[in-house]
Structures are given as structure tokens and as C-alpha cells.
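Numbering (full-length UniProt numbering), first residue to last: 1 to 529.
Comments concern the structure below.
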Amino acid sequence: MTRIVDINVFPVAAPPTGFGGDARNIAQGGPTYANVVLEVITDQPGLKGTAVIFTNGHGLLESCDFTRSVARRYLLDRQKPLQVDELHRDGNLGKLAKTFLLDSDYSWLGSVGVSRMAIGAVINALWDLTAKLQGVPAWQLIADMSPEELLAFIDFEQIGDVVSQQEALDIFRQAQHGKQARIEAIYEKGLLAYNTAGWSGISLEGLVDQTIKMIHAGWPQIKIKVGASWSGMRVKADEEGRILSRDDLDRMALQAANDDAERMILVYKTIDQHDTRNRKMTVAVDSNQVFDPRSAFIFMKSLAEQIYANNPAHTIQWFEEPTNQHSAIGHVWIQQQLDNAFRDYNPPLHVPISTGEQGASPVTFKDLMHAPVFGSDGEKRSIDVIQMDYARVAGIGDNLAILLLAKKARLEGRDVRICPHTGGIGLCEGMRNVQAIKQALFGSTNNAGVEDILEFVAEEVRSVHEGVFINPAIVIDGYYQMSRTPGVGVDYTDEGILNYRLPDGKAWQATEKFRELAERFTLSENFYS
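Right, dumping it as C-alpha cells:
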């Protein structure tokens, strides 16, 4: 019998290179891709379950401490040892995960943030461990489960108004038809992927260069950051002590649209000139939540109209995170306003709204995909694209619930695309499993036949995958390649830990600047206790 004998929690991070960053942090040199790493140690030599929580650097100390506390409570401080060898049977893994989520002590902290991510890490580490014990990839462990076993993962308490247990069971039963063929297709072809090229702060020449490189690398889609000048105008106004009126904000949104229109039109022209494929590379945009809903609408209406006027064939795949993640109604309102504004365009003009990388629970996604139209006879609205995260929610159970909610929205006629977030170290490795589960159960497209697509993060100056993880995420010709290696795939290599463990990793000791940053991230005498 396999027993859990210890846990190990430690910080790993890749120093900032200036790559990436949204409109608010590019001046700081780009993000620090950082992980809380949880390892669940067993009495079997070399056998452990691993999970990661992503942060941007600061917050590692608090996340490590809380994750260590939660893992000890659930895994070590138990009256009866956990029957690890039985987790794959009879829905036991799902039932256990649900008991963690229903812990009344942690519920008082709220179902968002550090506490929920820590619980999710414990659940994901057990998922990884169970898959390794069974000798299968983590996604296939779930995909091969019976409808009843899948049902056991999901807490229906807050989503039962949208999908009942019986409805969910029927949906999972229907998903069994053709499932084996879809599983084989995942191994043979992989999962459709896109990359980010147009980071805030780079020159127009750099933007063109990145776009050409993405074309030559075979990417089917890129994402461009927008809204940087809006953020700059807001910061400048604050520094000058100016009080902005609503008219001021409207003018600033229009100015920001003009600024980004130049960049976007240049990207489309570059694609037209250099992409000789039958299916040219497409483009999405991302503002990283910098706008209020009205400003987001004004900004995107103007930006989309300018791109359309230049060439109606140049479409925006989605407008990502137009406003604060916690405002589901704000996102649905922006989607509705844009749909109304573009209703009479011929050729059609449509800008899908997307969000979800900071969505902490299925409840957020319920509101994003099943928003009631008040005063109507049961009509519902939805944003067009959801982008849940591997580490932000409470593990695989939450992500299964989100996939279920998306499938229910599709069954009700809303063309929701499922295009998860992976913008951080370890997230590509983790989230490919969730997307593979989605594809095995529910297929690769929405109702309109538009393919779901999964984000990928790559850097020119270093790898954050190969050499860092034992089973790294690999994309070839625009598709994630799915191996048959057991587990989730977030185990670090010895070299990865040697380079990136905080504060003493080789990469962190390479310069005085990085040494000082590492000390700030881990400034606590009890950090490793």
C-alpha cells in the first residue's frame, strides 16, 4: 500500500528578461515567472505527486506558507491515512477533492485567492500522483472515467440553477460516444495552440519582426497586447493630480484606440505580405483588465472600426480581459454593446469578448456564460470565449465544472469557445491536460465549428519548458504534442531547480540585480520552515 509520508513546498522562478508584461508592468522589465511547487512525497522511492501555483514573483512567501499549511492539514494531519492506491476507483479522487472544497474553515476566507489556489494545488498534486500510480497521462485518467466518476468531482451547490446533477450525468454519458476516437486523435494530432507576439512597449519594427517569426514558426494565431497608451494616460493624470471626468475618459479611450490601430493594421499587413499559407495567421488582442466597461467598449468599437475600414477581412479573434475579472456583468455588457453596435455591418463585423485567467471558481464562469437577460422569458447571454487557468481555480474538479458549464451553454445555443490561459511557467504543462480532457469529452470546436485553441508561452532568449520540466510542453506546427508520459507533467528537472530555485538558483545569483530581487521575494527567516 502506498502511503503519503511528507510534503515539500518551495519557490521556483525565472528572472525577468524584459519579455512580456502587460500595459502596467512592462516598465518594470516584464513579469517574473514564478511558482509555488508542492510535492506530495510517498513511501515509494521516486514516487511523488506535484502541483504548481503561478505568481508574478511577489506573493511567493505568502503562497508557499499557506500551501504548506493546507497540504499538512489535508494530507498529513489526518486521523486515518489516505488510501492513495484507491483514489482512481469509484470516484474516490473526486469525492476527496470535493471534501476539501467544502471545508467550512477555509470557506470563511472566501472562494478566491491564495486559499483556493492552495487547495487546488493539493487536489492537482493528488491527481498527478494518482495518474502516475496508474501509469497514464493525467488527462487520460480523467477522460477514461465513467460519467458517475466525473460527476463526483463537481460541487453543484452554487451552479445547480444552471445545470443539475442529473443534467450533468446525461451530458457526461453523451460524451462517451466517440470518445475513444477523440482520444486517439489527441495523441496523433495534438491540441491547437497560439502564441503572443505583440507585447506592450516594443517598437513597430520589433512588432513586425515578431509577427514574421511567428508566421515562419507555423503559428495559426498570435495575440497582441493593447491599451498601453490608455494606462500611460491614466498614470500621467494621477501624477499631475488631474481629476478626470467621464468625457476625459471617453477621449482617452478613443486616443488609445487610435494608437493601437496603427500597430494592429501593421500586424495585419505583415501577415498579408509574409504568410503564404492557405489559412493565414489570425490575431487576438489583450488589454489585461486596464479599462472600465464603458471605456473598454468605446476603445474596442473605435479600434475594430478602424481595422475594418482598412480591410473588412481583418478580424479580431477576441478582445481579452477588457475589464476587471470580477465583473462578470461588465464583460457580458461589453459583449452585448459591441454586438449591438456592429449588428448592421456587411460584411459582418464581430468582436468576441474573452476572459477567465483570474476566474477563481465555477461561479464566475457560470455568470459569464449563463447571464440572465432580466425581463426576458429565460433568455441568457454569454461572452464568446472563456479562458480558465490551471492554478487559479481549486484544481481539476473546478475545471471539470467549468467545462461542464461551457458544454451546457453550447447545448443552449451559445457559441462559447474554450481557449484556456497558460501565461506563466508550468501553466502550459498543466493546462494541456484540461484542454485534452475537454477535447476527449466534448470535441475540438464550438457549435459554429470554430476550433478551441490553447495558449502557449515561449521566449526567444531561453526555454521555460524544455530543460525545465521533465515532461515539457512542446508545440510543433501550431499543435501541442501529447505524450503518453504518466502524470500531469509539472515535475521540474534537476537542472530546472538548480537554475531557478529561490533564492540560491544559478540564474538568480548571476547578477547583483537578480540577487537583490530574489532576496525581496523570499525575505523571511521562516520561509523554508
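Glycine included, C-beta positions come from ideal geometry on N, C-alpha and C.
Which same chain residues end up closer than 7 Å to G467 when comparing Cβ atoms and leaving out the 5 residues on each side of it in sequence?
Here the set comprises T493, E495 and G496.
Evaluate residue 530 with the Cβ neighbour count: other Cβ atoms within 10 Å of its Cβ, from every protein chain shown; 16 or more gives buried, anything less gives exposed.
Because the chain is modelled from 1 through 529, residue 530 falls outside the range shown and cannot be assessed.
Roughly how many whole angstroms lie between the Cα atoms of R364 and E512?
It is worth fixing the name first, because residue 364 is Thr in this sequence and not Arg. Rounded to whole angstroms, T364 to E512 spans 42 Å at the Cα level.
Based on the DSSP secondary-structure assignment, which residues constitute the bridge partners of D512?
It should be pointed out that residue 512 corresponds to Glu in this sequence rather than to Asp. Answer is none; E512 lacks a bridge partner.
For a test of the three-state rule: what should DSSP assign to S107, helix, strand or coil?
Here S107 sits in helix by DSSP.
Between R520 and the rest of its own chain, which residues show a CB-CB distance below 8 Å, the 5 nearest in sequence each way excluded?
Same-chain partners within the cutoff: H58.
Below 6 Å CB to CB, which residues in the same chain sit around I470 once its five sequence neighbours on both sides are set aside?
Closer than 6 Å at Cβ, skipping near neighbours: D491 and T493.
Looking at the strands, I want to know which residues DSSP matches up with V36.
Its beta-bridge partners are P11 and I53.
Could you check the C-alpha separation between A328 and I353 for me, to the nearest Å?
About 11 Å.
How do the segment 321 to 335 and the segment 257 to 266 stand: do at least 3 beta-carbon pairs fall below 8 Å, yes or no?
No, the segment 321 to 335 is not in contact with the segment 257 to 266.
Report the three-state DSSP secondary structure of L368 (helix, strand or coil).
The answer is helix: DSSP assigns L368 an H, G or I state.
Below 8 Å CB to CB, which residues in the same chain sit around D452 once its five sequence neighbours on both sides are set aside?
Excluding sequence neighbours, D452 sits near L192, R417, I418, C419, Q435, K438, Q439, S444, T445 and N446.
What residues in its chain sit with their C-beta under 6 Å from that of I402, if we drop five residues either side in the sequence?
For I402, where only same-chain residues beyond five positions count, the Cβ hits under 6 Å are P362, F365 and M388.
Return helix, strand or coil for D286, following the three-state DSSP convention.
In this structure, D286 counts as strand in the three-state DSSP scheme.
Take M431 and list the residues in its own chain whose beta-carbon comes closer than 6 Å to its own, dropping the five residues that flank it on each side.
Excluding sequence neighbours, M431 sits near Y390, P420 and T422.
Considering just the uninterrupted stretch of the beta strand (DSSP E) at N195, what are its terminal residues?
Residues L191 to G198.
Could you give the distance in angstroms between the alpha-carbon of G29 and the alpha-carbon of L87?
Here the model assigns G29 a pLDDT of 43, short of 50, so the residue's position is not dependable, and the following value carries that caveat. Computed Cα separation, rounded: 44 Å.
At 3 residues or longer, what runs of the beta strand (DSSP E) sit wholly inside the segment 239 to 314?
The qualifying runs are 282 to 286.
Leaving aside the five residues before and after N526 along the sequence, list all residues of the same chain whose C-beta is less than 7 Å from its C-beta, in chain order.
With a pLDDT of 47 at N526, under the threshold of 50, the modelled position of this residue cannot be trusted; read the value that follows with caution. Once the five neighbours on either side are set aside, N526 has no close Cβ partner at all.
Is the beta carbon of T32 sitting closer than 8 Å to the one on N56?
In this structure, N56 lies closer than 8 Å to T32 by Cβ.
Could you say which of I142, R89, Q166 and K189 lies nearest to Q481 if we only look at CA atoms?
The candidate whose alpha carbon is nearest that of Q481 is K189.
Are the CB atoms of T485 and P137 within a distance shorter than 8 Å?
Yes, these two residues count as a Cβ contact at 8 Å.
In its own chain, which residues sit with a C-beta less than 6 Å from the C-beta of A197, not counting the 5 before and 5 after it?
Here the set comprises Q210, T211, M214 and I222.
Considering E455, what are the terminal residues of the beta strand (DSSP E) in which it resides?
That run of the beta strand (DSSP E) goes L454 to F456.
So, for Y308: in the same chain, excluding its five sequence neighbours on each side, which residues have a beta-carbon less than 6 Å away from its beta-carbon?
L349, listed in sequence order.
For V5, which option in G330, K80 and I154 has the closest C-alpha, if you only look at C-alpha atoms?
When each option's Cα is compared against that of V5, the closest is K80.
Out of S107, Y106 and L82, which one is the CA nearest neighbour of K95?
Residue L82 is the option with its Cα nearest to K95.
For W318 and D384, which I take to be in contact (beta-carbon distance under 8 Å), what is that distance rounded to the nearest angstrom?
Correct: roughly 7 Å between the Cβ atoms.
Taking D344 as the reference, which of E305, L498 and V267 has the closest Cα?
Of the candidates E305, L498 and V267, the one whose C-alpha sits nearest the C-alpha of D344 is E305.
Quick check for students: name the residue ranges of the alpha helix (DSSP H) that lie wholly in the segment 320 to 395, counting only runs of 4 or more.
The segment 320 to 395 contains these whole alpha helix (DSSP H) runs: 328 to 341 and 362 to 369.
For R73, tell me which candidate among A51, I171 and Y106 has the shortest Cα-Cα distance.
Selected option, being the one with the closest Cα: Y106.
Would you report the Cα separation of G21 and L244, rounded to the nearest angstrom?
The predicted model places G21 with a pLDDT of 46, which falls under 50 and marks its position as unreliable, so this point remains unresolved.
Should P347 be labelled buried (16 or more other beta-carbon atoms within 10 Å of its own) or exposed?
That one is exposed.
Reducing DSSP to helix, strand and coil, say where G29 ends up.
Because G29 carries a pLDDT of 43, less than 50, the predicted location of this residue cannot be relied on, and the following value inherits that uncertainty. Three-state DSSP puts G29 in coil, outside helix and strand.
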